[in-house]
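*Asks:* The structure is given below, and queries will be raised subsequently.
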Amino acid sequence: MTMVMARLRLAVVLGLAVMAGACATKRGNIPTGVTEPDKYLYEQGQASMTDRKWFTAREYFQQLVDGYPQSPLRADAKLGLGDAYLNDGTTEGKLRAEREFQEFLSYFPTHQKADYAQFKLAMTHFEQMPKAERDQTETRAALEQFEAFRTRYPNSPLMPDVQEKERIARDRLSESIYKVGYFYHRARWYPGAISRFRQVLQEDPQFTGRDAVYYYLAEALVTVRLEAEALPLLDKLEEEFIESEFLVKGAALREQVKTTLAQRTPGTEGSPTAAPGAPAAPGASGVVTPPAQGTTTTPVVKPGTPPPASGVDAKPVPRG
Numbered sequence: 017m018t019m020v021m022a023r024l025r026l027a028v029v030l031g032l033a034v035m036a037g038a039c040a041t042k043r044g045n046i047p048t049g050v051t052e053p054d055k056y057l058y059e060q061g062q063a064s065m066t067d068r069k070w071f072t073a074r075e076y077f078q079q080l081v082d083g084y085p086q087s088p089l090r091a092d093a094k095l096g097l098g099d100a101y102l103n104d105g106t107t108e109g110k111l112r113a114e115r116e117f118q119e120f121l122s123y124f125p126t127h128q129k130a131d132y133a134q135f136k137l138a139m140t141h142f143e144q145m146p147k148a149e150r151d152q153t154e155t156r157a158a159l160e161q162f163e164a165f166r167t168r169y170p171n172s173p174l175m176p177d178v179q180e181k182e183r184i185a186r187d188r189l190s191e192s193i194y195k196v197g198y199f200y201h202r203a204r205w206y207p208g209a210i211s212r213f214r215q216v217l218q219e220d221p222q223f224t225g226r227d228a229v230y231y232y233l234a235e236a237l238v239t240v241r242l243e244a245e246a247l248p249l250l251d252k253l254e255e256e257f258i259e260s261e262f263l264v265k266g267a268a269l270r271e272q273v274k275t276t277l278a279q280r281t282p283g284t285e286g287s288p289t290a291a292p293g294a295p296a297a298p299g300a301s302g303v304v305t306p307p308a309q310g311t312t313t314t315p316v317v318k319p320g321t322p323p324p325a326s327g328v329d330a331k332p333v334p335r336g
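Written as structure tokens, this is what we have:
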């Protein structure tokens with residue numbers, strides 16, 4: 017019984033394969049009397065694209081590319097192949113589309129649609145961008161290809177589309193860095209938070225979510241007693257954003273910083289400030305007293321200091 021079932025399955029599989037081959041052969045046949053077979057294949061491919069039949073479209077375009085190497089429509093068919101692969105929505109399709117657009121730019125670098133191929137090459141990576149919490153390799157690849165587009169085709173009519181998609185990709189990458197900084201901020205490891213927030217503002221000063229960066233960076237700087245560096249960030253928050261959830265908190269922190277700076281004597285930023293009338297702390301004169309010979313110093317570490325996020329190169333203060 018088992019042997020019979022196995023033979024039946026094999027027969028079904030072979031039958032389906034023969035039917036698929038027959039359909040492919042029929043689809044590839046060019047009607048008798050067609051004087052421009054390459055044009056016929058291209059038009060059939062375009063019609064299949066309109067009907068969202070991506071697999072069928074690929075068959076027509078591929079037959080044109082392989083069978084008519086001298087056709088003036090070969091380059092357009094190559095683009096059609098890339099679009100058909102990209103539109104099917106699968107990871108494999110995006111990888112195949114990337115190859116098709118790369119080959120187009122290699123074979124037809126001066127073609128009038130080269131800018132389109134470059135844009136679509138960037139989109140093969142753009143459509144694979146993960147969420148901000150994930151690895152951003154594809155996001156960086158998309159940005160690299162968008163940058164190549166802007167360098168090679170500055171006057172292309174596709175430039176507005178490129179700028180729009182590039183902004184989205186940059187926001188995704190900046191958000192990823194910001195979230196690492198925010199993790200450090202919540203963990204109260206402020207050197208790591210300050211480093212990541214500053215990286216966002218340095219690499220992407222137009223980051224759409226920079227209001228959060230301004231506020232949390234300022235808050236971290238205030239915590240480590242660098243109020244003078246925090247104040248310009250709070251000024252920018254107020255100047256650049258009409259609406260933001262951080263405006264009220266930012267204004268309050270700004271007034272706090274101004275009061276602190278007004279009360280602080282010159283040269284004390286970043287150092288503990290003694291209460292009025294309290295005795296001066298050891299070393300308050302500004303002279304650093306080295307430890308006695310043969311002794312070691314141990315840094316004071318707050319209990320519960322957490323480690324940094326996985327994969328981040330910065331290191332927190334070790335646990336006490």
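If you want the working numbering, it's the 1-based position in the sequence shown plus 16. For glycine and all other residues, C-beta sits at the position ideal for the given N, C-alpha and C. Quantities reported herein were computed from a predicted structural model and do not represent experimental measurements.
1) What residue range does the alpha helix (DSSP H) around residue 251 cover?
2) Hey, is the segment 51 to 68 in contact with the segment 96 to 115, meaning 3+ C-beta pairs nearer than 8 Å?
3) How should residue 218 be labelled, buried or exposed, when 16 other C-beta atoms within 10 angstroms of its C-beta is the threshold for buried?
4) Taking the alpha carbon of residue 204 as the point to measure from, which residue in 188, 232, 183 has its own alpha carbon closest?
5) Taking the alpha helix (DSSP H) that residue 206 falls in, what are its first and last residues?
6) Tell me whether residue 190 is buried or exposed, calling it buried when 16 or more other Cβ atoms sit within 10 Å of its Cβ.
7) How would you call residue 222, buried or exposed, if buried means at least 16 neighbouring beta carbons within 10 angstroms?
8) Does the distance from the CB of residue 247 to the CB of residue 270 come in under 9 Å?
9) If you measure between the beta carbons of residue 201 and residue 154, is that distance less than 9 Å?
10) Among residues of its own chain, excluding the 5 on either side of residue 337, which ones have a beta-carbon nearer than 6 Å to its beta-carbon?
11) Can you look up residue 145 in the DSSP assignment and give me helix, strand or coil?
12) Checking 9 Å against the spacing of the C-beta atoms, do residue 225 and residue 210 come in under that value?
13) Should the segment 178 to 193 be called in touch with the segment 141 to 154, which here means at least 3 C-beta pairs below 8 Å?
14) With residue 121 and residue 130 assumed to form a contact (beta carbons below 8 Å), what rounded beta-carbon distance in angstroms separates them?
15) Let's test the definition: count the other Cβ atoms within 10 Å of the Cβ of residue 161 and tell me whether it reaches 16, buried, or not, exposed.
16) Give the secondary structure of residue 46 by DSSP, where H, G and I count as helix, E and B as strand, and everything else as coil.
17) Can you look up residue 104 in the DSSP assignment and give me helix, strand or coil?
18) May I ask you to report which of helix, strand or coil DSSP gives residue 240?
19) In whole angstroms, give me the CA-to-CA distance for residue 353 and residue 208.
*Replies:* Per the coordinate set shown:
1) The sequence position of residue 251 within the sequence shown is 235, counting from 1. 243 to 256 is the extent of the alpha helix (DSSP H) around residue 251.
2) yes
3) One-based indexing of the sequence shown puts residue 218 at position 202. Residue 218 comes out exposed.
4) Stepping through the sequence shown from its first residue, residue 204 is reached at position 188. With distances taken between Cα atoms, residue 204 lies closest to 232.
5) Taking the sequence shown and counting its residues from 1, one reaches residue 206 at position 190. Run containing residue 206: 206 to 219, per the alpha helix (DSSP H) assignment.
6) Here residue 190 is taken as the residue at index 174 of the sequence shown, counted from 1. Result: buried.
7) Looking up residue 222 in the sequence shown gives position 206. Exposed: under 16 other Cβ atoms inside 10 Å.
8) For the purposes of this step, residue 247 is identified with residue 231 of the sequence shown, where counting begins at 1. For the purposes of this step, residue 270 is identified with residue 254 of the sequence shown, where counting begins at 1. The answer is yes: Cβ separation under 9 Å.
9) Residue mapping note: residue 201 aligns to position 185 of the sequence shown, counting from 1. Residue mapping note: residue 154 aligns to position 138 of the sequence shown, counting from 1. Cβ distance not < 9 Å, so residue 201 and residue 154 don't count as in contact.
10) The structure shown does not extend to residue 337, since the chain is modelled only from 17 to 336, so the question has no answer here.
11) What you label residue 145 is simply residue 129 of the sequence shown in a count that begins at 1. Three-state DSSP puts residue 145 in coil, outside helix and strand.
12) Here residue 225 refers to the residue found at position 209 when the sequence shown is read from its first residue. Here residue 210 refers to the residue found at position 194 when the sequence shown is read from its first residue. No, these two residues do not count as a Cβ contact at 9 Å.
13) yes
14) Looking up residue 121 in the sequence shown gives position 105. Looking up residue 130 in the sequence shown gives position 114. Residue 121 to residue 130, Cβ: 6 Å. Contact.
15) Residue mapping note: residue 161 aligns to position 145 of the sequence shown, counting from 1. Flag for residue 161 reads buried.
16) Working through the sequence shown from its first residue, we reach residue 46 at position 30. If DSSP states are grouped into helix, strand and coil, residue 46 belongs with coil.
17) By 1-based counting over the sequence shown, the position of residue 104 is 88. DSSP places residue 104 in coil when its eight states are reduced to three.
18) Counted from its first residue, the sequence shown places residue 240 at position 224. Coil.
19) For the chain, the structure presents residues 17 to 336; residue 353 sits outside this window and is missing.
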